[in-house]
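Contents: one structure, followed by commentary.
Residue numbers (this note's numbering): 195 to 627.
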C-alpha cells in the first residue's frame, strides 16, 4: 500500500551577532496528507495566517497590515457562502440584527466614520459563519493554534535576549522626541512574541492552555501546558492573569491544594524577585483606583456615559461611529462634547479602551442586546456537558477581556476563540489529537 506523502515544515530562528549566545529553535511538523487534503488544510488556515501576519506587520507596515486583515475577512465571507446550511439560531439573530445595524449606520453623524466602524462590528459574525463552514476541521485548527502559540512563546525568548542586550527590535516604537518605546510592566518588557501586542499574546496562551488541557492527548502535554501558563504571566496582562487564575480555580477539584500551591509560588516570588512583585502590586492598585474606586480614567468615564444613556432610554443608539471606537476620535464625534466626556490624562488614546459603552451607546440597549445574543448564538445549541464548560471558558474570557479592551471586535482575538466554537461542537471525542 502506497503511503501518503509527508509534509515537513521546519522553522529555524537564530540570533546573530552575539559572541555569548546563539539560540536556535527548530520546530518540525509532519503531516501525512494526500495532495487534496493538503490544499484543504491550506484553504482552512489561510485567513488565520493572513491575520496573524498582519499583526506582526502592524508597526512596520501599518497599511499593508490593514489590507491583509480586510482580505482575510473577505476570504472568510466567500468561503462561508459555499455552505448552504447554517444554524437556525445564528441566522435568526442575524436577521434581527440587520435592521438595527442599518439604523446605526443611517443614524451616524458621519458616514465616513460609520462604515469602517460598522465593518468592525461584523468581524465576530464573519468569524462565527466561517467557523461553521470549517466545522469538520477542529483537529487541524487546534494543532495550528498550539504550534503558533508555542512558536510565539519561543520567539519571546529571543525578544528577552535582545531586550537585555539593548538591541533595537522590529516591534519597538519611537516617540516624536526620538525616545524608544515598548510595553513594559514592573521594569520588565511585556511578552509579545511576533504578535506585537501583549494582550493578544496573553489571551492566545490562555485559550491554548484550556483547549490543550481538554482535547490534546499527544506527547509532552504537561510541558506544553507549563509553557502556556508561564507565558500568560509573562504577558503582564493583569486581566488575562486574573481570568486564568479564576478559571483554573473553578476547574480544580481540590481547592485547598490550589491555595497551597498558589501560596508556595507567592512565597518563592517574594524571595526571588521582591522588587518586581512590589511593582506589580503597585501597578494593580493604581488600576483599581483608576477604573473602580476613584474612576479617573477614560474607561470609567465611558461607563458613566453608558449608564447615563441607558437612564435616558437610549434604545437604538446614537449611531455607529459616534462613541468609543477609533473612528469617533478620528472624525471628532460631537457626542463627546454633548456628554462632557473627560479623557483625563489619556488624551492620546485612539479609543476609550473598553467595549461595552461603545456598543450600547452606539447601538442602544436593544441593538446592543441583539448583537451580544448574535455572538452568543452557538450556546443555544444542545451541547454535551464535557464540551460546554470549554465554551463557557471561551466566552467568559472574551467577554471579560472586553471590559478593558476592544477584543470583541479585534479579529485576532476572535480567531483564537470564537473561530473554534462550531468546530469544537462537531468534534468527535473518540478521535485523538
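Cβ coordinates follow ideal geometry from the N, Cα and C atoms, glycine included. Quick caveat, the model's predicted, so the values are computed rather than measured.
- For residue 522, the enclosing alpha helix (DSSP H) starts and ends at 520 to 524.
- Restricting attention to 239, 249 and 363, the CA atom closest to the CA of residue 607 is found in 249.
- Secondary structure of residue 379 (DSSP, three-state): strand.
- Where residue 350 is concerned, the enclosing alpha helix (DSSP H) starts and stops at 332 to 359.
- Partner residues in the beta bridge of residue 374, as assigned by DSSP, are 368.
- Here residue 445 is exposed. Its C-beta has fewer than 16 other C-beta atoms within 10 Å.
- Per DSSP, the unbroken alpha helix (DSSP H) holding residue 415 starts and ends at 415 to 428.
- For residue 259, the enclosing alpha helix (DSSP H) begins and ends at 256 to 274.
- Beta-carbon to beta-carbon, residue 281 and residue 575 are separated by about 6 Å, close enough to satisfy the 8 Å threshold.
- Per DSSP, residue 290 is one residue of the alpha helix (DSSP H) stretching across 282 to 300.
- For the 8 Å CB-CB criterion, residue 595 and residue 291 do not form a contact.
- Residue 275 sits exposed, since fewer than 16 C-beta atoms from the chains shown fall within 10 Å of its C-beta.
- If you look at residue 325, you'll find it in the alpha helix (DSSP H) that goes 305 to 327.
- A direct Cα-Cα distance of roughly 42 Å separates residue 314 from residue 457.
- Scanning its chain for C-beta atoms nearer than 8 Å, with the 5 sequence neighbours on each side dropped, one finds around residue 312 the residues 295, 298, 299, 514 and 515, in chain order.
- Here the alpha carbon of residue 531 sits roughly 14 Å from the alpha carbon of residue 538.
- Between the region 385 to 403 and the region 427 to 439, the count of Cβ pairs shorter than 8 Å is three or higher; the stretches touch.
- Contact between residue 343 and residue 399 holds: their C-beta atoms lie close to 6 Å from each other, under 8 Å.
- Here residue 391 is buried: its Cβ has 16 or more other Cβ atoms, across all protein chains shown, within 10 Å.
- For the pair residue 553 and residue 492, the CB atoms are not nearer than the 8 Å cut-off.
- With respect to residue 551, residue 496 sits close: the two C-beta atoms are nearer than 8 Å.
- Around the beta-carbon of residue 406, 16 or more other beta-carbon atoms lie within 10 Å, marking it buried.
- In the three-state DSSP reduction, residue 439 falls in the helix class (H, G or I).
- The three-state secondary structure of residue 603, taken from DSSP, is helix.
- Under the 8 Å Cβ criterion, the region 566 to 581 counts as touching the region 609 to 623, having at least three qualifying pairs.
- Taking the Cα of residue 357 as reference, the smallest distance to any Cα among 611, 376 and 346 is reached at 376.
- A straight line joining the alpha-carbon of residue 417 with that of residue 611 spans about 22 Å.
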